[in-house]
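Following: one structure in structure tokens, then a few remarks.
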Amino acid sequence: MDQKKPETIETERLLLRGFTLEDAGGLYEYARNPNVGPHGGWKPHENIEESRKIIEDLFLEKYHIWAMVDKKSEKVIGSIGYEEDTKRPETGCMELGYAMAEDLWGKGLMTEAAGTLIRYGFASMGLPMISIYHNPVNHRSKRVIEKCGFH
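Plus 1278 on top of the position in the sequence shown (first one is 1) and you've got the numbering used here.
So this is what it looks like as structure tokens:
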């Protein structure tokens, strides 16, 4: 498998870096929570092997998926990345998606990560357009989107 790693990006409180198989425990820790996955359209992870398989089959194959690592604890606390926006397939638009541990919601960490990756997407990736969607019941995600200048 020819694995491509995204560039490592540092923010004030986070390290955004490519996933490794060793991150399965960190991914499982937040992805098993029934309040996290359904907001993003996926079911909670049932075991650490499922998290490892998702890293192996999805995250390692995609160049623009970052692990969100808390600098203080050095723990994986979320994921953020770009995929082709299937609602705008002819435009080159990429969709920014994200998920994070519930105990860290409301602390501005996702806004910090998303804002950084939006700037990176335009400046370093040369994206012509970026979209972000949220589940209508996910008011916190809506707030992240608004703070990043999307409406």
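Where a beta carbon is used, it is the ideal one built from N, C-alpha and C, also for glycine.
Taking the C-alpha atoms as reference points, what is the distance between Glu1362 and Gly1296?
Rounded to whole angstroms, the gap between the alpha carbons of Glu1362 and Gly1296 is 18 angstroms.
So what's Gly1386 in DSSP terms, helix, strand or just coil?
Residue state, collapsed to three classes: coil.
Let me know if Met1407 comes out buried or exposed under the rule of 16 or more other beta-carbons within 10 Å of its beta-carbon.
Of the other Cβ atoms in all chains shown, fewer than 16 fall within 10 Å of the Cβ of Met1407; this residue is therefore exposed.
Take every Cβ of the region 1377 to 1392, pair it with every Cβ of the region 1294 to 1309, and state whether three or more of those distances are shorter than 8 angstroms.
Contact between the region 1377 to 1392 and the region 1294 to 1309 is present, because at least three Cβ pairs lie under 8 angstroms.
Buried versus exposed call for Ser1329 [16 or more other C-beta atoms within 10 Å across all chains shown]:
For Ser1329, the number of other beta carbons within 10 angstroms of its own is at least 16, and it is reported as buried.
Given a cut-off of 8 angstroms, decide if Pro1284 and His1342 are closer than it, judged by their beta-carbon atoms.
Remark: C-beta atoms of His1342 and Pro1284 approach each other more closely than 8 angstroms.
Just how far apart, CA to CA, sit Lys1350 and Ile1287?
Going by the C-alpha atoms only, they are around 16 angstroms apart.
When DSSP labels each residue in this structure, what does Tyr1360 get in the three-state scheme?
Residue state, collapsed to three classes: strand.
Identify every residue that forms a DSSP beta bridge with Val1354.
DSSP lists Val1347 as partners of Val1354.
By a C-beta neighbour count over all protein chains shown, 10 Å radius and 16 as the cutoff for buried, is Phe1337 buried or exposed?
With 16 or more other Cβ atoms within 10 Å, it is buried.
According to DSSP, simplified to helix, strand and coil, what is Gly1319?
Reduced to three states, the DSSP call for Gly1319 is coil.
Reducing DSSP to helix, strand and coil, say where Arg1330 ends up.
DSSP places Arg1330 in helix when its eight states are reduced to three.
What does a CB cutoff of less than 6 angstroms around Gly1393 pick up in its chain, not counting 5 residues either side in sequence?
For Gly1393, the CB contacts under 6 angstroms within the same chain, skipping 5 residues up- and downstream, are Cys1426 in chain order.
Would the beta-carbon of Ile1333 fall within 8 angstroms of that of Leu1294?
The beta carbons of Ile1333 and Leu1294 sit no closer together than 8 angstroms.
Of the residues Trp1344, Phe1400, Thr1364, which one's Cα is nearest the Cα of Gly1356?
If we check each option's Cα against that of Gly1356, Trp1344 comes out closest.
Report buried or exposed for Ala1391, applying the criterion of at least 16 other Cβ atoms within 10 angstroms of its Cβ.
So Ala1391 counts as buried.
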